[in-house]
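Peer 1:
In the working numbering, the protein residues as written are -12 to 252.
#1: Any idea which residues DSSP pairs residue 121 with across the strands?
#2: Which residues share a DSSP beta bridge with residue 8?
#3: Decide yes or no for the touch test of the segment 157 to 170 against the segment 120 to 133: beta carbon pairs closer than 8 angstroms, at least 3 of them.
#4: For a test of the three-state rule: what should DSSP assign to residue 153, helix, strand or coil?
#5: Does the Cβ-Cβ distance between residue 24 and residue 12 come in under 8 angstroms?
#6: If distances are taken between C-alpha atoms only, which option among 136, 172, 211 comes closest to residue 115?
#7: Taking only the alpha-carbon atoms, compute the straight-line gap between residue 174 and residue 198 and give it to the nearest angstrom.
#8: For residue 207, which of 181, 98, 108, 42 has the nearest alpha-carbon?
#9: Once DSSP output is grouped into helix, strand and coil, what is the label at residue 35?
#10: According to DSSP, which residues form a beta bridge with residue 63?
#11: For residue 161, which beta-bridge partners are listed by DSSP?
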């Protein structure tokens, strides 16, 4: 008796591309990483290549030049050894629980299609004026990544990255998590700790200027480890556009934001 098995689709056109990297931006309170993914996709002229159906994920859609795009999409460009996973910029608690399933589907796909690595990027509040980029990876890669100028991270993290790291550690796909420091995130968290509406409003005004330094550092880290050149020449204009959009959203952010959003009781 032949056992039933779920059919798999193998993307043979990807096999000829060597040293492939899949970039997985995580979620953060001020959408720094969503901006990183947006810039990379646009600067490298990527387009949607694959859709991922994840039952239970909130119905957040994306529009690219008037065309609706599935909320979970993998972007790429012909012959480019870098692809980008795009998910909704913000997810609720229930959707967060689905990331264990999403991670398994994505890592299985990456392994079948011979990806070398999955690179995730997260954000943490800055601890000094010199914003650092930390990393977490498999033991065999620690010395190599440290040699690139990044700082090893020690501590506990509970973001979506833990799901992807867990799956990668049980596959042949390397996993690298970068944790980029952000001064804007620190400003916002400090304001919420004060529990003052005025302080929060001032912080939101500052956050609306966005964090070009953090976005740039994240892009540089991705470029260095993937070996793909991602020019930063258009970043200032891009940040300006994002800032204008964020400023229009400040009243909505002020109404909806809660201290628990940022891990503060």
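Cβ atoms here follow ideal geometry from the backbone N, Cα and C, with glycine treated the same way.
Peer 2: Per the coordinate set shown:
#1: In the chain shown, residue 121 corresponds to position 134, counting from 1. For residue 121, which the question treats as bridged, DSSP gives the partners 138, 166.
#2: The residue labelled residue 8 in the question sits at position 21 within the chain shown. For residue 8, which the question treats as bridged, DSSP gives the partners 69, 104.
#3: yes
#4: Mapped onto the chain shown, residue 153 falls at position 166. Helix at residue 153.
#5: For the purposes of this step, residue 24 is taken as residue 37 along the chain shown, with counting starting at 1. For the purposes of this step, residue 12 is taken as residue 25 along the chain shown, with counting starting at 1. Judged by their CB atoms, residue 24 and residue 12 are nearer to each other than the 8 angstroms cut-off.
#6: Residue 115 sits at position 128 when you count from the first residue of the chain shown. Considering only alpha carbons, the answer is 172.
#7: Working through the chain shown from its first residue, we reach residue 174 at position 187. Working through the chain shown from its first residue, we reach residue 198 at position 211. Going by the C-alpha atoms only, they are around 11 angstroms apart.
#8: To locate residue 207, count along the chain shown from 1; it is residue 220. That would be 108, whose Cα lies nearest to the Cα of residue 207.
#9: Locating residue 35 in the chain shown gives position 48, counting from the first residue. Look at residue 35 here: in three-state DSSP terms it is strand.
#10: Counting from 1 along the chain shown, the entry for residue 63 is found at position 76. In the DSSP assignment, the residues bridged to residue 63 are 34.
#11: Position 174 of the chain shown holds residue 161. In the DSSP output, where bridge partners are listed per residue, residue 161 has 104.
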